[in-house]
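Asks:
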Amino acid sequence: MEKAKKSQIEKYQAGPKKGPASKVQAGQKVSGARALMESIKLHGGEVVFGLPGGVMLPAYDVLYDDGGISHILVGHEQGGCHMADGFARATGKVGVCFATSGPGATNLVTGLCTAHMDSVPVVAVTGQVRTTVLGKDAFQEADITGITMPVTKHNYLVSDPASIPRIIAEAFYIARTGRPGPVLVDIPMDVALAQIEYHPVTEVKMRSYNPEVAPRLDNLDDAARLIAEAKRGVIYVGQGAIISGAWREVRELARKTQFPTTTTLLAKGTMDETDPLSLGMLGMHGTAYANFAIRDCDLLIAVGARFDDRVTGKVDAWAPGAKIIHIDIDPAEIGKIYIPDVALNGDCRQVLQALLPLIAERGPTEWNEQIERWKQEFPLWYPKGEDRVYPQAVCEELWNVTKGEAIVTTGVGQHQMWAAQFYRCKHPRTFITSGGLGTMGFGLPAAIGCAVGVPDRPVWCVDGDGSFIMTSEELMPAVQHRIPVKVAIINNFCLGMVRQWQSLFWDERLSAIDLSYQPDFVKLAEAYGAVGIRVTRPEEIRPAIEKASEINDRPVVVDFHVVRDENVLPMIPAGQTIEQMMVEKPR
Amino acid sequence: MPVTRGGLQQNVGTQHTITVLVENKPGVLTRVAGLFARRGYNIESLAVSITEDPTVSRMTVVASGDAQALDQINKQLAKLIDVIHVADYTDLPMVERELALIKVNADTSVRGEVMQLVDIFRAKIIDISDRTFTIEVTGGVEKINAFEKMLEPYGIREMVRTGRIALVRGARTAAQT
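Line order of the protein sequences matches chains H and G.
Just so you know, we're using our numbering here: the first sequence kicks off at 29 and counts up by one.
Just so you know, we're using our numbering here: the second sequence kicks off at 2 and counts up by one.
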């Protein structure tokens, strides 16, 4: 085992007295639970985020002294699932979480749905009541495979203990291949206790699931022709580019064509956002220049993106003059929202590698000058020089201090959009956020997962006060395992995005948004054994971020008291067009 | 509905017969039915059975919608892990059959008439009581609809239909379409 991996496991080991990694020989008699743990290790599981309970005890007994795998005891199973999710997004590996039957399992649902919507490889293992009482409303029984069917890529209820090695092999394979997603494996207690002959399964063969097919490239020439003919091309990059590891190819495509390139929220970092060709994020709260470019482009190259409604607004008025080339691994995404002029169905990286040699190098054109003029006229902007803490200033200062090299996670709401706008990512897998489901409370647990997976990068969670309240209990495992995540709470003492919508679209009737009875976050952090810092004045922003950056043995919560009634701009109201975009020019 | 350049595509909804070959495992029917419900597609009929291969089940789904909606549902079905193959039979020459059992009022005064209808439709009387016949009829949807209509005046007490099943004409099989 390489050094870093070993030290990381030692660092985060959960059990009191871990021995060496257990070694089970093929053919050896073991319990279903040991077969489970051996299989998880075999397929790359290094760390489990979980919370035990009655029917999960067979697996937790194996965890007790097996030094080959570590465990982080979470405060709430939802947090465990988000940690596995953050771990997976930051590393590209499969994240693993455990929960017991009944309420433990149902607490995973939000986390699984979050991972499902954002195509994140997570394997969740749940305990289930004994097969003898299954279906009889036993204590802590819940039909978790039934419940999670629509929010997982696939799930299993294991009835044959001998099938555990195969099912775990399939679970990891399904989770990480094709369009990734979460897989849940539900194991009844008697199945986990049964003795089986362990035979490791390293190769998965499923007649009904064959994701590793070569891309369909029969119309590659059509794509190259459209690119050669385009005068105002735009590259629109989604998270598929990150999943397939295609960021080098995306950057090469941008360089060769000189097409301005915009990313979705989840694809931030595919392009270096400090690159002049980068348009930043597009969509509802995207940059004005990205949305202008979409409005006026004559060719749109969609790479691993799915035309989400937060990107397009009114579908039939979006990119009205554009021909579309759609590259995606999922055939169901092609033609779901738009029927493309050229469809390239396959892994983004493989498709781009085939396409790039067919594209001639071009120099900048009038189109690039137009983009530059828009950037000058409509930059992302907020008032400066005032004696108040602007939320945008916090995100910008965070970028300055970390030089854009940190991993940033977020909750959901205004702070998420400001972080997306002002934290200009340089690397893929460094902006981790719940885009599809929009799960408040995702930020802190996801940050913990990122820090476990990538211990050598600083991890900041830019959170809202509302989002932080939802999963702040996860400070406990962060303190226990000395995980130095930093939480920057953009605290406006209200549910800011809801307030913004009520202000703009509901006639200022501010309903159920007040969070002035929130706890004192500095004291809360200290109560957990973390460090708490409060910032109420603009000149304190940078020193607070610097101070937090120096702390490396525990989590830090920085409570930024920000301007309360600031709106996220630009904004294209839901379902509308760029003509309705609200944008402020610098004053 | 997906958009082509230049506005929304208008398509008249037509009936589609989709054959889905799936792993013969518990819960697969729920996965397929759940997908239709979740994505807002209506199932008009659904027939499930074993096949020549005991590890494979066959579902015949009749659903209606425009071409794009059905293309989408076929792709989403194919993504289900337990689905082995999806074949849309709509534009293919096929034989389709449905079976209905109909319990109709038939006291002595009308028995002769009803038996004549049974003959004309090549149906079968499979149970009889002093007041009713139970009739078995197979055929295409339209034939069964017509037969039902002819029996209505006598009073249909109860009816059950299997839903459509279909095979492609000729030597070709579902797995090859």
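The beta carbon of each residue, even a glycine, is placed where N, CA and C say it ideally should be.
As the structure is a computational prediction, the values presented were derived from the model and not from experiment.
Among the candidates H:Gly481, H:Ser500, H:Gln608, H:Phe459, whose CA atom is the shortest distance from the CA of Trp616 of chain H?
Replies: The question about residue 616 of chain H has no answer here: the residues shown for chain H are numbered 29 through 615.
Asks: Output yes or no for whether 8 Å exceeds the beta carbon distance between Tyr264 of chain H and Ile329 of chain H.
Replies: For Tyr264 of chain H and Ile329 of chain H, yes; Cβs fall inside 8 Å.
Asks: Could I get the ranges of all uninterrupted beta strand (DSSP E) runs contained in the stretch 178 to 259 of chain H, with 3 residues as the minimum, in chain order?
Replies: Runs of the beta strand (DSSP E) inside the stretch 178 to 259 of chain H: 182 to 185, 211 to 216, 223 to 225.
Asks: Nearest by alpha-carbon distance to Ile616 of chain H: which of H:Ile517, H:Arg204, H:Asp113, H:Ile541 is it?
Replies: This structure gives no information on residue 616 of chain H, because the portion of chain H shown stretches from 29 to 615.
Asks: Pairs of beta-carbons, one from the stretch 267 to 277 of chain H and one from the stretch 241 to 253 of chain H, closer than 8 Å: are there three or more?
Replies: The stretch 267 to 277 of chain H is not in contact with the stretch 241 to 253 of chain H.
Asks: CB Pro566 of chain H to CB Ala421 of chain H, shorter than 8 Å?
Replies: For Pro566 of chain H and Ala421 of chain H, yes; Cβs fall inside 8 Å.
Asks: Measure the C-alpha to C-alpha separation of His227 of chain H and Ile195 of chain H and round it to an integer number of angstroms.
Replies: Each residue's Cα considered, the two are about 12 Å apart.
Asks: Cα-Cα, which of H:Arg158, H:Leu523, H:Val490, H:Met145 is closest to Gln546 of chain H?
Replies: That would be H:Leu523, whose Cα lies nearest to the Cα of Gln546 of chain H.
Asks: At what residues does the beta strand (DSSP E) containing Glu74 of chain H begin and finish?
Replies: Premise fails: Glu74 of chain H is in no beta strand (DSSP E) and is neither H nor E.
Asks: So, His99 of chain H versus Glu501 of chain H, is the Cβ gap smaller than 8 Å?
Replies: Contact: no.
Asks: In angstroms with no decimal places, state the Cα-to-Cα distance between Thr115 of chain G and Gln177 of chain G.
Replies: Before going further, note that residue 115 of chain G is Val rather than Thr in the sequence given. Approximately 43 Å between the Cα atoms of the pair.
Asks: Output, in chain order, the set of chain G residues within a Cβ distance shorter than 9 Å of Gly363 of chain H.
Replies: Going along chain G in sequence order, the residues near Gly363 of chain H (Cβ under 9 Å) are Pro3, Gln69, Asp72, Gln73, Lys76.
Asks: Output, in chain order, the set of chain G residues within a Cβ distance shorter than 7 Å of Ala360 of chain H.
Replies: Ordered by position in chain G, the residues that pass the 7 Å Cβ test against Ala360 of chain H are Gln73, Lys76, Gln77, Lys80.
Asks: Would the stretch 176 to 183 of chain H and the stretch 204 to 217 of chain H be scored as touching if the rule is three or more Cβ pairs under 8 Å?
Replies: Verdict: yes, contact present.
Asks: What span of residues does the beta strand (DSSP E) with Ile263 of chain H cover, start to end?
Replies: Start and end: 261 to 265.
Asks: Shorter than 8 Å from the beta carbon of Asp83 of chain G to some beta carbon of chain H?
Replies: Yes, Asp83 of chain G lies at the interface with chain H (some Cβ there is under 8 Å from its Cβ).
Asks: Assuming Glu45 of chain G contacts Ala68 of chain G under a Cβ cut-off of 8 Å, what Cβ separation, rounded to an integer in Å, is found between them?
Replies: In fact, because the Cβ distance is near 17 Å, the residues do not count as touching under 8 Å.
Asks: Residues of chain G with a CB under 8 Å from the CB of Ile573 of chain H: which are they?
Replies: Within 8 Å Cβ-Cβ: nothing; Ile573 of chain H doesn't reach chain G, min ~44 Å.
Asks: Please state whether the Cβ-Cβ distance between Arg1 of chain G and Pro94 of chain G is less than 8 Å.
Replies: No statement about residue 1 of chain G is possible, as the shown extent of chain G runs from 2 to 178 and does not include it.
Asks: By the three-class DSSP mapping on this structure, what secondary structure does Thr135 of chain G have?
Replies: Here Thr135 of chain G sits in strand by DSSP.
Asks: Mind listing, in chain order, the continuous alpha helix (DSSP H) runs of no fewer than 4 residues lying wholly within the stretch 112 to 186 of chain H?
Replies: Runs of the alpha helix (DSSP H) inside the stretch 112 to 186 of chain H: 131 to 134, 137 to 145, 172 to 176.
Asks: From this set, H:Leu503, H:Val148, H:Phe115, which residue's C-alpha is nearest Pro483 of chain H's C-alpha?
Replies: Per the Cα distances, H:Phe115.
Asks: Is the number of C-beta pairs between the stretch 579 to 586 of chain H and the stretch 550 to 565 of chain H that are closer than 8 Å three or more?
Replies: Contact holds: three or more Cβ-Cβ distances are below 8 Å.
Asks: Would Met60 of chain G be called buried (16 or more neighbouring beta carbons within 10 Å of its own) or exposed?
Replies: Burial call: buried.
Asks: May I have the straight-line CA-CA distance separating Asn520 of chain H from Val526 of chain H, to the nearest angstrom?
Replies: Their Cα atoms are separated by approximately 12 Å.
Asks: Hey, is Gly35 of chain G's beta-carbon within less than 8 Å of any beta-carbon in chain H?
Replies: Yes, its Cβ sits closer than 8 Å to a Cβ of chain H.
Asks: Does the CB of Glu24 of chain G have a neighbour CB from chain H at under 8 Å?
Replies: Yes, Glu24 of chain G counts as interfacial toward chain H.
Asks: When the cut-off is 8 Å and only beta carbons count, does Gly28 of chain G lie next to chain H?
Replies: So yes, Gly28 of chain G belongs to the interface.
Asks: Verify whether the separation of the beta carbon atoms of Gly78 of chain H and Gly108 of chain H is less than 8 Å.
Replies: Contact flag set, yes.
Asks: Where does Glu389 of chain H sit, in a helix, a strand or coil, going by DSSP?
Replies: Coil.
Asks: Could you please tell me which residues of the stretch 138 to 153 of chain H, in chain order, have their CB closer than 9 Å to any CB of chain G?
Replies: Listed in sequence order: no entries.
Asks: Would you tell me roughly how many angstroms separate the C-alpha atoms of Gln11 of chain G and Ile367 of chain H, rounded to the nearest one?
Replies: Residue placement at Gln11 of chain G is poorly supported in this model, since its pLDDT is 40, which falls under 50; the coordinates are not used for a value here.
Asks: So, helix, strand or coil for Phe470 of chain H, using DSSP?
Replies: Here Phe470 of chain H sits in coil by DSSP.
Asks: Quick one: is Pro473 of chain H buried, meaning 16 or more other Cβ sit within 10 Å of its Cβ, or exposed?
Replies: Buried, because 16 or more other Cβ atoms sit within 10 Å of the Cβ of Pro473 of chain H.
Asks: Give me the residue from G:Thr15, G:Ile74, G:Phe134 with the minimum Cα distance to Ala34 of chain G.
Replies: Cα-wise, what sits closest to Ala34 of chain G is G:Ile74.
Asks: Run down chain H in chain order and give the residues with a C-beta less than 8 Å from the C-beta of Thr31 of chain G.
Replies: Gly174, Met177, listed in chain order.
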